[in-house]
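Using the numbering used here, the first residue of the sequence shown is number 10, and each one after it goes up by one.
Ideal Cβ placement from N, Cα and C applies to all residues, glycine included.
Keep in mind it's a predicted model, so treat the numbers as computed, not measured.
For reference, the structure is listed below as structure tokens.
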Amino acid sequence: MLVALFVSMPLIAFISGRLRLQYTVAMVLAGLAVSAVPLGGEVIKVSPELAVTLLLPGLVFEAAYRLDGNELRRSFGGVALLAVPGVLVSAAVVAFVLHLATGLPLNQSFVVGAIVSATDPVAVVATMRQLKAPHRLVTLIDAESLFNDGTAVLVYAIALGALSGDVSLAAGVASFAVGIVAS
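Next comes the structure, spelled out in structure tokens:
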């Protein structure tokens, strides 16, 4: 099944090019088509380890390879502002809204906020490249997407530790600061 997935992606890219359809739209349509196929009661399970080991390195490498180093240096302040405080604010807003809307305890709400705080602008960047948006804007969004993943993982780990009672607020802030500086 995994081999079929890897074989289908270039095929979908080829067909989308022939049909002059955006690749991201073609992938969504292909995903919808595959999800409609009955599997006869068979359940497909993908372990998180498989996704992290097999898929994530390729995605991160491809995104990092595309970045223009000189443009990244010029945009680094904006990238850092979006990737660190942006993720923290996003996680906090999600946590407070979830807490107020559902009554879920704030510490559990913050774990959910940490999970959804990192954005993945693949479709946005692909569209911006097709529309020939300014290179600096594309670099800013692409680089922020790379850096916010690390920030979100760090926030998630600290929130999970706080949920189990192993991390105090001061220790969480210190761990976050060390994690950001060390990375």
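**Message:** Give me the residue from A123, L14, S118 and G26 with the minimum Cα distance to A161.
**Reply:** By 1-based counting over the sequence shown, the position of residue 161 is 152. Checked all of A123, L14, S118 and G26; the closest Cα to A161 is A123.
- Can you tell which of R75, V121, V176 and V182 has its C-alpha closest to the C-alpha of S154? Here residue 154 refers to the residue found at position 145 of the sequence shown. Of the candidates R75, V121, V176 and V182, the one whose C-alpha sits nearest the C-alpha of S154 is R75.
With distance defined between alpha-carbon atoms, name the residue in S118, T33 and A73 nearest to L172. Reading the sequence shown from its first residue, position 163 is the one you call residue 172. Comparing Cα-Cα distances from L172 to each of S118, T33 and A73, the minimum goes to S118.
Simplified DSSP assignment, three categories, for T128
Walking along the sequence shown from the start, residue 128 turns up at place 119. When DSSP states are grouped into helix, strand and coil, T128 belongs to the coil group.
Margin query: Can you tell me whether E51 is helix, strand or coil according to DSSP?
Written below: Sequence index remark: in the sequence shown, residue 51 carries index 42 (1-based). In this structure, E51 counts as coil in the three-state DSSP scheme.
Taking DSSP as the reference, what is the three-state secondary structure of G112? Within the sequence shown, residue 112 is the residue found at index 103, counting from 1. Shown here, G112 sits in coil according to DSSP, grouped into three states, outside any helix or strand.
| request: Measure the CB-CB distance between V176 and I189 and report whether it falls below 9 Å. | output: Here residue 176 refers to the residue found at position 167 when the sequence shown is read from its first residue. Here residue 189 refers to the residue found at position 180 when the sequence shown is read from its first residue. Judged by beta-carbon spacing, I189 lies beyond the 9 Å limit of V176, meaning their Cβ atoms are not closer than that value.
key: Simplified DSSP assignment, three categories, for S177   = Here residue 177 refers to the residue found at position 168 of the sequence shown. DSSP places S177 in coil when its eight states are reduced to three.
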